[in-house]
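Line order of the protein sequences matches chains H and F.
Just remember that my numbering sits 10 ahead of the position in the first sequence, which is counted from 1.
Just remember that my numbering sits 555 ahead of the position in the second sequence, which is counted from 1.
By construction, the Cβ of each residue, glycine as well, lies at the ideal position given by its N, Cα and C atoms.
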Amino acid sequence: MSLNRRQFIKLAGAGLGGLALSGVGVHASGGSSSDNAVAMLYDATMCIGCRACQNACKDWNGNPPETGPDGLYDEPRDLSADCWTLIQLYQDGDTHSFVKHQCMHCLDPACASACPVHALEKTPEGPVTYDPKRCIGCRYCMVACPFGVPRFEWDETIPQVAKCTFCADRLAVGDGPACAEACPTGALIWGTRGQLLAEAQQRLAQNPGRYEGLYGDDEAGGTSVLYLSHVPFDKLGLPDLGSESVPALSNTLAPILLPSIFLGGLAILASAHYLTGSQGKDKEE
Amino acid sequence: MIATMRAKLNLSRSSYVLLALGLVGVVLAIARFAVGLGPTTNLSDHYPWGLWIGLDVFLIPAAGAAFTVSAISHFFGREDYHKILRPAVLAGLLGYVSVAIILIMDLGRWHQFYSILIPENINLHSFLEEVALSVTLYTVILLLEIAPTLLEKTELDVPLNLIRRMTILIAAVGILISTVHQSSLGSMFIILRQRLHPLWWTPILPALFFIQALFGGLATAAVVVHLVRRHVKAPPDEGLSVRMGRLIRVLLVLYTILKVGDIAIAGELPLAFSEGQYSLLLWAELILGLAVPLAILFSRRGRSRSGVFWSSVWVIFGLFFNRLTVAWIGLEAPAWATYVPHWMEVLSSIGIIAGAVFVYIVVARLFELFPQEHQAHA
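Okay, here's the thing in structure tokens:
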């Protein structure tokens, strides 16, 4: 990471500014159900890449450091069964940005639509949760996720799917997600989705030249992790997915396709049977 | 008694090779369950699906031999297909059993497979759930359909007569379940729009998959019947082979129009030349799996039993390419991630299929797969 001092001070200053904003209240008013569900807002212009979020995530979830063969720990390069959130640096010439990866907790998640047994589910509170007692380990969720987030415990004899839980266990007792509570600069804040969308819009309005835009308000049907960045989002590994949710087509087809194919097949069989007059002929077999 | 059975079996050396491979498959399956997927496969977070899933997605339409022949003979009034019902149903059953074995090996949490059957777990939006339930149920249907072949010389008259009386009902249920899950297998990939290469992703995947199951199933039936007749020295039926070839030809033309038309309408024709290995894969399945068999079937050779046999072999080959691409190779991963199947994935797959072929040969030797012809001889 080749941050020079001036850039560091600039970023840290932005971070301190953000800190003042991070005490967003938890009261929400009106709006759709997703507005009242929990969400996170990550402002890449305020992130200093300290990875406090990453370590807080490991601590809270009991995920061991991914040591190398020599037993030494170095920063992971990718999400894994032991690394549910990851800070990465994007650098291209003078342009650089940090970016935080974790489950996006989509409003209409492809993983939950794909999962044959409801092991993955979108809860009304916001998190997409995983129940290993239902999971058969088919990994359809991993293939279906447009962000490539779910991971698998490949080294276990009986593995589980692993991903960010949005600290649903902490939310249940009134705490915020470990990563957001650990962020020293306010680059990562949490609250209701309605509040955070308003906050993001306010930052965009106040600093029109500063940001590339907002990601997650309607991308892939909307996500619970929102991003503000000064670098194009696709450079940060946030693909352009359009505003339709990923499982929308599949979810629409499922209730139509299955009964109509079944009934269509039945009609064809019955009429073929009747027209060819083959009733009864097969009984000798 | 064992001596007479051995005399009746009279296994050739190649059968013992199949048996040995099958046993290797069993050993590798045990190893996989003992140590997990990590040491026995090269699957990873970026290649969560690989050879095993690809094979399953290929074997399901190949095993469509049973429902296609069953539909034609039971419901479309084609008595001539009745003669090959038993060999086709046996091929279907062993195909689905292979699918089930490979699928359970692939499941990380296979010990909870029953989870798909628990009503409160069932996700009606998941096409995979529908496929998993159907494969389970249809395997039972196929067992009922093969039961008369295996039990007709026993004293079990009561259950046998019950199954015989319900033949047409069992067949109807089997055909309907197949129609639904063969198309659902394609629908499974609709949600993977971001992942599956655009040359293969299309909203008409369920239709393409169903038509593939029709010609793939018929091609498998043609190949299996050709080989079994030779194996058990049953007289060939030239006319039926040629009629099957004509039916496969119609279905191949229909599929080609839909497949190429879909790519053209989506404006993706340039991708057929610009996508490196993906373009090559497309051409492989278009040429080997469609153009070559169609050329044979439209030529004079296509009106012979060997012409239909060889064009069917090419059809199955093309289906193999297509299905492995949809379920594995065509699912895009980060450029730096790689996946080449582990030798245990390859050898276990070969072992399971070899084992299924071995069981087929044993059943073909011990039981009557062509009863009507046998009666005609007697």
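- Arg664 (chain F) is a Cβ neighbour of Cys145 (chain H), given a cutoff of 8 Å.
- Inter-segment contact for the stretch 819 to 838 of chain F and the stretch 763 to 779 of chain F is absent: fewer than three beta-carbon pairs are separated by less than 8 Å.
- Listed in chain order, the non-local C-beta contacts of Leu614 (chain F) below 7 Å within the same chain comprise Gly650, Ser653, Val654, local neighbours out to five positions each way being set aside.
- A buried status is given to Trp607 (chain F), since no fewer than 16 other beta-carbon atoms sit within 10 Å of its beta-carbon.
- Contact annotation: the stretch 676 to 684 of chain F touches the stretch 120 to 137 of chain H, with at least three C-beta pairs closer than 8 Å.
- Residue pairing of Gln98 (chain H) in beta bridges, as defined by DSSP: H:Val109.
- Contacts with chain H at 8 Å (Cβ-Cβ) do not include His897 (chain F).
- For Leu259 (chain H), the residues of chain F that pass the 8 Å Cβ criterion are Ile745, Ile746, Arg748, Pro758, in the order they occur in the chain.
- At least one CB atom of chain H sits nearer than 8 Å to the CB of Ile671 (chain F).
- Interface criterion not met: the Cβ of Gly647 (chain F) is under 8 Å from no Cβ in chain H.
- Of all residues in the stretch 261 to 273 of chain H, the ones placed with a Cβ closer than 8 Å to any Cβ belonging to chain F are Asn261, Leu263, Ala264, Pro265, Leu267, Leu268, Ile271, Phe272, in chain order.
- Taking C-beta atoms as the reference points, Ser689 (chain F) and Val127 (chain H) fail to come closer than 8 Å.
- Inter-residue distance for Pro848 (chain F) and Trp869 (chain F) is about 6 Å (C-alpha atoms, whole angstroms).
- Contact check for Pro753 (chain F) against Glu823 (chain F) passes: the beta carbons are separated by less than 8 Å.
- Unbroken alpha helix (DSSP H) runs of no fewer than 4 residues, entirely contained in the stretch 612 to 655 of chain F, are found at 620 to 630, following chain order.
- Per DSSP, the continuous alpha helix (DSSP H) segment holding Ser796 (chain F) begins and ends at 793 to 820.
- Looking at the backbone, the Cα of Phe828 (chain F) and that of Ala819 (chain F) are separated by about 13 Å.
- With contact defined as three or more Cβ pairs closer than 8 Å, the stretch 225 to 245 of chain H and the stretch 264 to 273 of chain H are not in contact.
- Within the same chain, Cβ atoms closer than 6 Å to the Cβ of His897 (chain F) are found at Thr596, Asn597, the five residues on either side in sequence being excluded.
- In this structure, DSSP gives Glu131 (chain H) an extended state, which the three-state scheme calls strand.
- Around the beta carbon of Ser861 (chain F), fewer than 16 other beta carbons lie within 10 angstroms, which makes this residue exposed.
- Counting C-beta pairs closer than 8 Å gives fewer than three between the stretch 149 to 157 of chain H and the stretch 70 to 87 of chain H, which falls short of the contact rule.
- Residue nearest to His601 (chain F) within the set F:Leu902, F:Ala890, F:Leu924, F:Ile916 is F:Ala890 (criterion: CA-CA distance).
- For Thr704 (chain F), the three-state secondary structure derived from DSSP is helix.
- Within the stretch 185 to 229 of chain H, the runs of alpha helix (DSSP H) that reach at least 4 residues and sit entirely inside it are, in chain order, 188 to 192, 203 to 216.
- At a cut-off of 8 Å between C-beta atoms, Ser253 (chain H) does not count as an interface residue with respect to chain F.
- Residue pairing of Ala774 (chain F) in beta bridges, as defined by DSSP: absent, with no partner found.
- If you look at Leu583 (chain F), you'll find it in the alpha helix (DSSP H) that goes 568 to 590.
- Residue contact check for Arg161 (chain H) against chain F: a CB pair falls below 8 Å.
- By the rule that beta-carbons nearer than 8 Å mark a contact, Thr77 (chain H) does not touch chain F.
- When Cβ-Cβ separations below 8 Å define contact, Glu684 (chain F) makes contact with chain H.
- Residue pairing of Phe162 (chain H) in beta bridges, as defined by DSSP: H:Val171.
- Counting C-beta atoms within 10 angstroms of its own C-beta, Asn877 (chain F) has 16 or more neighbours from the protein chains shown and is therefore classed as buried.
- Counting the other CB atoms within 10 Å of its CB gives Leu99 (chain H) a total below 16, which places it among the exposed residues.
- Residue contact with chain H for Ile730 (chain F): present (Cβ-Cβ distance below 8 Å to some residue of chain H).
- Between Pro142 (chain H) and the set H:Thr175, H:Ser255, H:Pro134, H:Leu224, the nearest pair of CA atoms involves H:Thr175.
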